[in-house]
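Participant: With my numbering, you'll find the sequence shown wraps up at 355, consecutive numbering, no jumps.
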Amino acid sequence: MSRIGQELLRESKASIHEKGEARDLLSLLVKSNIATDIPEHQRMTDQDVLAQVPTFLVAGHETTSTATTWTLYALTQNQAAQNKLREELLMVETDNPTMEQLNANKRRAFKQC
Numbered sequence: 243m244s245r246i247g248q249e250l251l252r253e254s255k256a257s258i259h260e261k262g263e264a265r266d267l268l269s270l271l272v273k274s275n276i277a278t279d280i281p282e283h284q285r286m287t288d289q290d291v292l293a294q295v296p297t298f299l300v301a302g303h304e305t306t307s308t309a310t311t312w313t314l315y316a317l318t319q320n321q322a323a324q325n326k327l328r329e330e331l332l333m334v335e336t337d338n339p340t341m342e343q344l345n346a347n348k349r350r351a352f353k354q355c
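#1: Would you mind stating whether V334 and N347 have Cβ atoms separated by less than 8 angstroms?
#2: Which residues mark the beginning and the end of the alpha helix (DSSP H) in which D288 is found?
#3: Could you tell me the distance, in whole angstroms, from the CA atom of K255 to the CA atom of E282?
#4: Hey, L327 and L314 are a contact pair by Cβ (cut 8 angstroms); roughly how many whole angstroms apart?
#5: Assuming the contact rule is C-beta atoms closer than 8 angstroms, V295 and L270 should be a hit. Round their C-beta distance to whole Å, please.
#6: Are there 16 or more other CB atoms within 10 angstroms of the CB of L332, so buried, or fewer, so exposed?
#7: First and last residue of the alpha helix (DSSP H) that includes V334?
#8: By the 10 Å Cβ neighbour count, where 16 or more other Cβ atoms means buried, how is V272 classified, buried or exposed?
#9: Distance, Cα to Cα, I246 vs T336?
#10: Secondary structure at Q319, three-state DSSP: helix, strand or coil?
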């Protein structure tokens with residue numbers, strides 16, 4: 243696990259140095275940690291940065307599960323929304339749609355409104 247974490251950290255640092263972009267939580271943490279306006283004694287070590295990864299995972303899992311729970315509850319309270327969602331889902335022609343297919347179906351559903 244440590245080896246994988248170190249490899250991810252190396253890749254993240256390399257990507258930031260080459261492209262200057264940070265698109266995921268680890269890269270954002272690394273980028274903020276190497277910012278020039280942070281004094282050296284306030285920077286996190288690589289081990290400290292890696293120690294934050296489980297926090298990201300738990301926080302992301304909790305946020306997603308809570309949002310899903312409330313969405314499903316809201317659907318139980320609104321039969322019209324259930325029917326509309328069911329109609330939109332039945333318009334999808336595959337069991338494993340791409341984001342493009344989902345967005346195309348969403349546009350079609352809005353045009354029908």
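Glycine included, every Cβ here is placed at the ideal spot set by N, Cα and C.
Facilitator: In this structure, then:
#1: In the sequence shown, counting from the first residue as 1, residue 334 sits at position 92. In the sequence shown, counting from the first residue as 1, residue 347 sits at position 105. Yes; because the gap between Cβ atoms is below 8 angstroms, this pair is in contact.
#2: Against the sequence shown, residue 288 aligns to sequence position 46. That run of the alpha helix (DSSP H) goes 288–293.
#3: Translated into the one-based positions of the sequence shown, residue 255 becomes position 13. Translated into the one-based positions of the sequence shown, residue 282 becomes position 40. Taking the straight line from one Cα to the other gives about 17 angstroms.
#4: Here residue 327 is taken as the residue at index 85 of the sequence shown, counted from 1. Here residue 314 is taken as the residue at index 72 of the sequence shown, counted from 1. No, L327 and L314 are not in contact; Cβ-Cβ is about 11 angstroms, not under 8 angstroms.
#5: Within the sequence shown, the letter at position 53 stands for residue 295. Within the sequence shown, the letter at position 28 stands for residue 270. So it is not a contact: roughly 13 angstroms between Cβ atoms.
#6: For the purposes of this step, residue 332 is identified with residue 90 of the sequence shown, where counting begins at 1. Burial call: exposed.
#7: Taking the sequence shown and counting its residues from 1, the one referred to as residue 334 is at position 92. Note, V334: premise wrong, no alpha helix (DSSP H); not H, not E.
#8: Locating residue 272 in the sequence shown gives position 30, counting from the first residue. With 16 or more Cβ atoms within 10 Å of its Cβ, V272 is classed as buried.
#9: The residue you call residue 246 lines up with position 4 of the sequence shown. The residue you call residue 336 lines up with position 94 of the sequence shown. When rounded, the distance between both Cα atoms is 35 angstroms.
#10: Residue 319 sits at position 77 when you count from the first residue of the sequence shown. The answer is coil: DSSP assigns Q319 none of H, G, I, E or B.
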